[in-house]
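Below: one structure, written as structure tokens.
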Amino acid sequence: MLRRLFAGFFGTLVASALLVGLVGCKRYSERDFVGKWRSSRTLTPIHLAVNGEWEIRKDDGAVLQYGIWHYEDKKLIWSFKQGDRVIDDPTVVLSVEAARFSIRERDGATTVFERLP
172 MLRRLFAGFF GTLVASALLV GLVGCKRYSE RDFVGKWRSS RTLTPIHLAV NGEWEIRKDD
232 GAVLQYGIWH YEDKKLIWSF KQGDRVIDDP TVVLSVEAAR FSIRERDGAT TVFERLP
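Read left to right, the sequence shown gives residues 172 to 288 (this note's numbering).
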């Protein structure tokens, strides 16, 4: 009897732990990143377009930097042209919320993005 009670309790405990683990394991998609953002690295807004393009654009419309981006394997991969080469810069996504996300840069620094209207 005690063995059955213990087995039932243990089974419930394991099932609860698995459920909590699954709830905390939200999958993100590129749609979560589309929009206009302020980065902790620069005051000029960065625009992430649904078509996979990104640009850092001043309020007057002047583009300072641009490239292609996509989300893959829990990383945002930023691509841009430098001279004759295309550089891919993979950054690990640390957290994603509706109005904010953060990434780990190659140098180990954390960059935070806050959604702009």
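Note that beta-carbon positions come from the ideal geometry of N, C-alpha and C, so glycine has one too.
Nearest by alpha-carbon distance to Glu-279: which of Asp-203, Pro-261, Arg-286, Leu-287 is it? Residue identity check: residue 279 is Gly in the sequence provided, not Glu. It is Pro-261 whose Cα lies nearest to the Cα of Gly-279.
Beta strand (DSSP E) containing Ser-200: first to last residue? First-last for Ser-200: undefined, no H or E at that position.
What does the alpha-carbon distance come out to for the pair His-218 and Lys-207? So the alpha carbons of these two residues sit roughly 5 Å apart.
Can you list, in chain order, the stretches of the beta strand (DSSP E) that have 3 or more residues and sit fully within the stretch 195-257? Fully contained in the stretch 195-257 are the following beta strand (DSSP E) runs of length 3 or more, in chain order: 206-210, 213-219, 224-228, 234-243, 246-253.
With DSSP as the reference, label Arg-277 as helix, strand or coil. Coil at Arg-277, not helix or strand.
In or out: Ile-258 buried (at least 16 other Cβ within 10 Å) or exposed? Taking a 10 Å sphere around the C-beta of Ile-258, we find fewer than 16 other C-beta atoms and assign the residue as exposed.
Quick check on Leu-265: does DSSP put it in helix, strand or coil? Secondary structure of Leu-265 (DSSP, three-state): strand.
Apart from the five residues on each side of it in sequence, which residues of its chain come closer than 8 Å, Cβ to Cβ, to Val-205? Cβ neighbours of Val-205 within its own chain (closer than 8 Å, five residues either side excluded): Leu-219, Ala-220, Val-221.
Would you check if the distance between the CB atom of Leu-247 and the CB atom of Val-267 is smaller than 8 Å? Cβ atoms of Leu-247 and Val-267: not closer than 8 Å.
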